[in-house]
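Student: In the UniProt record's numbering, the protein residues as written are 1 to 391.
(1) Can you tell me whether residue 161 is buried or exposed, with buried defined as 16 or more other CB within 10 angstroms of its CB?
(2) Counting beta carbon pairs with one atom in the segment 185 to 198 and one in the segment 128 to 137, are three or more of them shorter than 8 Å?
(3) Using only the alpha-carbon positions, how far apart do residue 342 and residue 102 sit?
(4) Would you check if the segment 281 to 288 and the segment 192 to 201 touch, i.e. whether three or more CB-CB distances between them fall below 8 Å?
(5) So which of 276, 172 and 128 has the shortest CA-CA distance to residue 320?
(6) Any Cβ of chain B within less than 8 Å of the Cβ of residue 253?
(7) Which one or two residues does DSSP pair with residue 198 in a beta bridge?
(8) Would you kindly report the start and end of the unbroken alpha helix (DSSP H) that includes residue 274?
(9) Starting from residue 17 and walking both ways along the alpha helix (DSSP H), at which residues does that stretch end?
(10) If you count every other CB in all the chains shown that lies within 10 Å of the CB of residue 145, and 16 or more means buried, which is it?
(11) Quick one: what does DSSP say residue 117 is sitting in, helix, strand or coil?
(12) Determine the burial state of residue 355: buried for a count of at least 16 other Cβ atoms within 10 Å of its Cβ, exposed for fewer.
(13) Where does residue 202 land, buried or exposed, given buried means 16+ other C-beta within 10 angstroms?
(14) Can residue 153 and residue 181 be called in contact, C-beta distance under 8 Å?
(15) In terms of alpha-carbon separation, which member of 24, 336 and 40 lies closest to residue 241?
(16) What did DSSP end up calling residue 187 once you bin it into helix, strand or coil?
(17) Counting beta carbon pairs with one atom in the segment 245 to 253 and one in the segment 45 to 57, are three or more of them shorter than 8 Å?
(18) Between the C-alpha atoms of residue 360 and residue 302, what's the straight-line distance to the nearest angstrom?
(19) For the beta strand (DSSP E) containing residue 35, list its first residue and its last residue.
(20) Which of helix, strand or coil does DSSP assign to residue 343?
(21) Going by Cα to Cα distance, which pick from 31, 151 and 105 is closest to residue 167?
(22) Tell me, which residues are paired with residue 312 by DSSP?
(23) Got a sec, what are the start and stop residues for the alpha helix (DSSP H) residue 245 sits in?
(24) Can you have a look at residue 164 and say buried or exposed, based on whether 16 or more other CB atoms are within 10 angstroms of its CB?
(25) Kindly indicate which residue of 11, 70 and 13 has the alpha-carbon position closest to the one of residue 273.
(26) Restricting to Cα atoms, I'd like to know which of 330, 49 and 212 is closest to residue 291.
(27) Which residue from 189, 317, 170 and 270 puts its Cα closest to that of residue 231?
(28) Using 8 Å for Cβ pairs, my map puts residue 174 next to residue 365. What's the rounded Cβ distance?
(29) So what does DSSP say about residue 221, is it helix, strand or coil?
(30) Do you know how far the Cα of residue 110 is from the Cα of residue 337?
(31) Within 10 angstroms of its Cβ, does residue 295 collect 16 or more other Cβ (buried), or is it exposed?
(32) If you run the structure through DSSP and keep just helix, strand and coil, what is residue 136?
(33) State the CB to CB distance for the pair residue 367 and residue 36, rounded to an integer number of angstroms; the pair is presumed to be in contact (CB under 8 Å).
(34) Just curious, the alpha helix (DSSP H) that residue 153 is in, first and last residue?
(35) For residue 70, name the three-state secondary structure that DSSP assigns.
(36) Excluding the 5 residues preceding and the 5 following residue 176 in the sequence, name in chain order all residues of the same chain whose CB lies nearer than 6 Å to its CB.
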């Protein structure tokens, strides 16, 4: 008999679609996969070379649980240079991916029955991790016309004596929205009045468009002592498989998260840590190249979906996702986003993620971390399949 916590877990909507697409690909079907939140670039050569050199230097043993000191020093320096966020190496914990960084923090802070505020739509792992810790998710619903962002009044009204934390993503997966400095300031004016923790998932922080100036919640002195910042190398450096993330925050919280990690996975991969060191401390031009390419793809996919009848979306300012409202195409046979996503997979051979997996019915999430050729073909197929639905 499974434990109650395991029985409550929901399958990842992203991985479910990805699995179905993989099965079709294995059968020889030409599927264009726009379902995964993964850069289509390979890890830059100097990072791979650093891993090779780490192996040759026999850096293949346990490291300190918190992560090698040179990496934590480099992360602190990168955060200061890029975001003006001040952290010492002692305030940083290196983990096996940002997902573990989030989980460690939630387990360190959330007790049974604690309320955790979570803006929706939300990345599916966020509510599941909160639930595993025994926390209660308090959903803060947003709308497309508000760019899927919460406001100060909504935040104030949601906070109760049971509120322990808010899990706040910026930029947001799945919508690609990014909060401006003014919007963040208004939220901070509320948060500074309440003794709650702020878990800031900023994994896409270095992926913003249109000259948008990103500001980290970790740079607001009024709340700094209650902010736990989570970032990693997966998105910015095309290192999803290397599994390196890091959490930064008050030493007491990081120490508690460190103990939790020590009793689960221990240190992150030693080799991957040296690769991550090369990523954050080495040349950053590969990120600039990726962003330039993503900018072109973003423009293209927005133009294509803008031309499709009945579809609307909020303009994404970060990450690499489009989150269009496709409810105009629902019918008796395909009444929701899950059914429509499966229709597009089976009919158009394009894999996308249903919005309901992020808590937002009526939408689909598409990743434009794919080549222009793939995006063009995918848009052609989707447009044709949707036209056929309308008859």
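The beta-carbon is built from N, C-alpha and C at its ideal position, and this holds for glycine as well.
Tutor: Taking the coordinates as given:
(1) exposed
(2) no
(3) 30 Å
(4) no
(5) 172
(6) Considering every chain present, this structure includes no chain B. It has just one protein chain.
(7) 166 and 227
(8) 270 to 281
(9) 13 to 26
(10) exposed
(11) strand
(12) buried
(13) buried
(14) no
(15) 40
(16) helix
(17) no
(18) 20 Å
(19) Note, residue 35: premise wrong, no beta strand (DSSP E); not H, not E.
(20) helix
(21) 105
(22) 325
(23) Segment 245 to 248 is the beta strand (DSSP E) holding residue 245; no alpha helix (DSSP H) there.
(24) buried
(25) 70
(26) 212
(27) 170
(28) 4 Å
(29) coil
(30) 32 Å
(31) exposed
(32) strand
(33) 6 Å
(34) 152 to 158
(35) helix
(36) 316, 318, 319 and 321
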